[in-house]
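S.K.: If you read the sequence shown in the numbering used here, its first letter stands for residue 4, the second for the next number, and so on.
What follows is a single structure, and I will ask about it in a moment.
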Amino acid sequence: MNDKNIAFNTKTIHGGQEPDKAYGAVMPPIYQTSTYAQTTPGGHKGFEYSRSANPTRTALENSLASIEGGEYGLAFSSGLAAIDAVMKLLSPGDEVISTNDLYGGSYRLFTKIFEGFGIRFHFVDMKDAHKVAELVNDNTKLLWVETPTNPMMNIIDLKAMVKIAQEHKLLLAVDNTFATPYLQRPLELGADIVMHSATKYLGGHSDVIMGGLIVKNKELADRLYFIQNASGAVPGPMDSFLVLRGIKTLHVRMQRHCENGAAIAHYLKKHPKVEKVYWPGFEDHPNHEVAKAQMNDFGGMISFVPKGGQFEDAVKIIENLKVFTLAESLGGVESLAGHPASMTHASIPKEEREKSGVVDSLVRLSVGIEDVEDLKNDLEQALSHF
Ligand SMILES: *Cc1c(COP(=O)(O)O)cnc(C)c1O
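Listed below in structure tokens is the structure:
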């Protein structure tokens with residue numbers, strides 16, 4: 004379907020999709036095949052080997068491009084594989100500027116793998132665009148942005164980052180995992196690359212690991228496609244099918260995630276045992292105005308610090324939750340609770356962690372789409388345990 008003139012809520016269902024060519028199947032078949040019959044050497048129907056392309060994956064890649072307002076989508080076997088592909092655009096000596104409360108796995112990939120290949124990373128408080136601009140030098144090639152950040156829910160001004168990137172001819176890549184294109188579409192603001200851990204909201208059901216990249220520029224798409232095929236971190240057809248199915252309900256799920264997220268954020272903020280709540284929808288959030296300008300709503304991710312809480316108190320609260328499940332990850336229909344200091348952010352040294360606010364008692368919630376009263380009641384009883 005030509006999707007230039009359809010709304011986002013229609014793109015999630017129809018964007019880039021057409022009935023299957025073989026039998027008209029409305030849902031893309033799971034083409035569980037590694038290879039394709041050729042009539043003569045090179046005589047194939049656009050598919051020759053499933054690392055290079057697979058019809059189920061192509062259907063997903065077209066959907067990704069559509070919902071992000073891009074031209075080209077590329078699916079990877081995980082979010083980190085997608086980030087890995089972006090870093091392979093660089094050469095030894097190149098420099099990257101990124102945020103100092105980055106997703107732990109991205110930080111680990113940058114510092115433990117790519118620094119070893121001669122790429123230099125600077126981690127800075129990207130809320131302050133001046134600090135980013137100050138670090139740019141002749142070797143700088145890429146800005147790697149995550150907003151809202153994980154787990155502190157900081158908001159980075161995408162327009163300010165676009166300005167710096169354009170001024171210095173840098174690539175601007177945005178990890179859009181937390182916001183999803185329902186809330187924010189960085190390509191429309193001038194970013195070059197959008198990255199997703201489709202494991203989270205795009206898949207939406209905590210049943211698959213997957214990554215994605217979306218770009219507008221053909222030359223950049225070609226370079227990334229070359230890396231995708233040459234390095235080979237591609238998802239299988241079954242997983243591609245699952246994420247494509249997840250995307251079809253992205254807009255209705257996100258609407259409920261946002262509603263429940265707002266209700267839980269306000270509930271926690273008023274709670275006598277809660278010291279601080281991090282959620283970009285609060286008017287006193289330091290970058291609330293930027294969030295309002297670049298996002299359509301504020302999402303279902305919330306972090307909070309229990310009053311006077313220590314490591315053990317956070318653990319006690321989390322262990323007593325019954326509707327919220329203690330688990331890594333986020334963005335599924337079910338509510339999850341996590342403890343960044345010992346889980347997602349354990350790979351970041353304590354000193355670095357605390358500099359950005361990830362204290363030992365911080366609790367992170369991925370608010371799901373259950374009945375919100377059940378979620379509140381669950382938090383109420385869990386908070387009574389410390
Ligand atoms: C989970 C996550 C990733 C990594 O994705 P995987 O699918 O786990 O490899 C990257 N960025 C953010 C913000 C994430 O939440």
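Every residue gets a Cβ at the ideal spot worked out from N, C-alpha and C, and that includes glycine.
1) Is methionine 129 helix, strand or coil by DSSP?
2) Can you tell me which residues form a DSSP beta bridge with threonine 102?
3) If you count every other CB in all the chains shown that lies within 10 Å of the CB of tyrosine 26, and 16 or more means buried, which is it?
4) Do you know how far the Cα of glutamate 51 is from the Cα of glycine 235?
5) State the Cα-Cα distance for the pair valine 139 and isoleucine 100, rounded to the nearest angstrom.
6) Could you tell me how far apart the beta carbons of methionine 156 and methionine 30 are, in whole angstroms, since I believe they sit closer than 8 Å?
7) Within this structure, are the beta carbons of phenylalanine 244 and isoleucine 9 separated by less than 8 Å?
8) With DSSP run on the structure shown, which of helix, strand or coil describes phenylalanine 120?
9) So what's tyrosine 185 in DSSP terms, helix, strand or just coil?
10) Is glutamate 118 near ligand 1, in the sense that its beta carbon is under 7 Å from a heavy atom of that ligand?
11) Have a look at tyrosine 281 and leucine 333 and give me their C-alpha separation to the nearest angstrom.
12) With a threshold of 7 Å on Cβ separation, who are the neighbours of valine 336 within its own chain once the five nearest residues in sequence on each side are excluded?
13) Excluding the 5 residues flanking histidine 254 on each side, which residues of the same chain have their C-beta closer than 6 Å to its C-beta?
14) Decide if alanine 28 is buried, meaning its Cβ has at least 16 other Cβ atoms within 10 Å, or exposed.
15) At the level of alpha carbons, what is the spacing between asparagine 290 and aspartate 160?
16) Less than 7 Å separating the Cβ of asparagine 153 from some heavy atom of ligand 1?
17) How close, in whole Å, do the beta carbons of isoleucine 217 and leucine 92 come, if the pair is a contact with beta carbons under 8 Å?
18) Quick one: give me the first and last residue of the alpha helix (DSSP H) that phenylalanine 244 is part of.
19) Going by DSSP in three states, aspartate 225 sits in which element: helix, strand or coil?
M.R.: According to the structure data:
1) Numbered from 1 along the sequence shown, position 126 holds the residue referred to as residue 129. Correct three-state label for methionine 129: coil.
2) Here residue 102 corresponds to residue number 99 of the sequence shown, with the count starting at 1. DSSP lists Val127 as partners of threonine 102.
3) Residue 26 sits at position 23 when you count from the first residue of the sequence shown. Exposed: under 16 other Cβ atoms inside 10 Å.
4) Translated into the one-based positions of the sequence shown, residue 235 becomes position 232. Translated into the one-based positions of the sequence shown, residue 51 becomes position 48. Taken atom to atom, the span from the alpha-carbon of glycine 235 to that of glutamate 51 is near 15 Å.
5) Position 136 of the sequence shown, counted from the start, is the residue given in the question as residue 139. Position 97 of the sequence shown, counted from the start, is the residue given in the question as residue 100. Cα to Cα, valine 139 sits roughly 8 Å from isoleucine 100.
6) Working through the sequence shown from its first residue, we reach residue 156 at position 153. Working through the sequence shown from its first residue, we reach residue 30 at position 27. That belief does not hold up - the Cβ atoms of methionine 156 and methionine 30 are roughly 36 Å apart, past 8 Å.
7) Position 241 of the sequence shown, counted from the start, is the residue given in the question as residue 244. Position 6 of the sequence shown, counted from the start, is the residue given in the question as residue 9. With contacts defined as CB atoms closer than 8 Å, phenylalanine 244 and isoleucine 9 fail to qualify as a contacting pair.
8) Looking up residue 120 in the sequence shown gives position 117. In the structure shown, phenylalanine 120 sits in a helix (DSSP, three-state: H, G or I).
9) Position 182 of the sequence shown holds residue 185. DSSP, read as helix, strand or coil, puts tyrosine 185 in helix.
10) The residue you call residue 118 lines up with position 115 of the sequence shown. Glutamate 118 Cβ: outside cutoff for every heavy atom of ligand 1.
11) In the sequence shown, residue 281 corresponds to position 278, counting from 1. In the sequence shown, residue 333 corresponds to position 330, counting from 1. The straight-line gap from Cα to Cα measures roughly 16 Å.
12) On the sequence shown, residue 336 is found 333 positions in, with the first residue counted as 1. For valine 336, where only same-chain residues beyond five positions count, the Cβ hits under 7 Å are Gly207, His208, Arg256, Gly371 and Ile372.
13) For the purposes of this step, residue 254 is identified with residue 251 of the sequence shown, where counting begins at 1. Excluding positions up to five away in sequence, the list reads Asn12, Thr15 and Tyr185.
14) In the sequence shown, counting from the first residue as 1, residue 28 sits at position 25. By the beta-carbon neighbour count (other beta carbons within 10 angstroms, threshold 16), alanine 28 is exposed.
15) To locate residue 290, count along the sequence shown from 1; it is residue 287. To locate residue 160, count along the sequence shown from 1; it is residue 157. A straight line joining the alpha-carbon of asparagine 290 with that of aspartate 160 spans about 8 Å.
16) The count along the sequence shown starts at 1 and reaches residue 153 at position 150. Because some heavy atom of ligand 1 lies under 7 Å away, the Cβ of asparagine 153 counts as near it: yes.
17) What you label residue 217 is simply residue 214 of the sequence shown in a count that begins at 1. What you label residue 92 is simply residue 89 of the sequence shown in a count that begins at 1. Contact check for isoleucine 217 and leucine 92: beta-carbon distance about 15 Å, past the 8 Å limit, so the pair fails to qualify.
18) The residue labelled residue 244 in the question sits at position 241 within the sequence shown. Run containing phenylalanine 244: 240-250, per the alpha helix (DSSP H) assignment.
19) As a working mapping, residue 225 is identified with position 222 in the sequence shown. Collapsing the DSSP output to three states places aspartate 225 in a helix.
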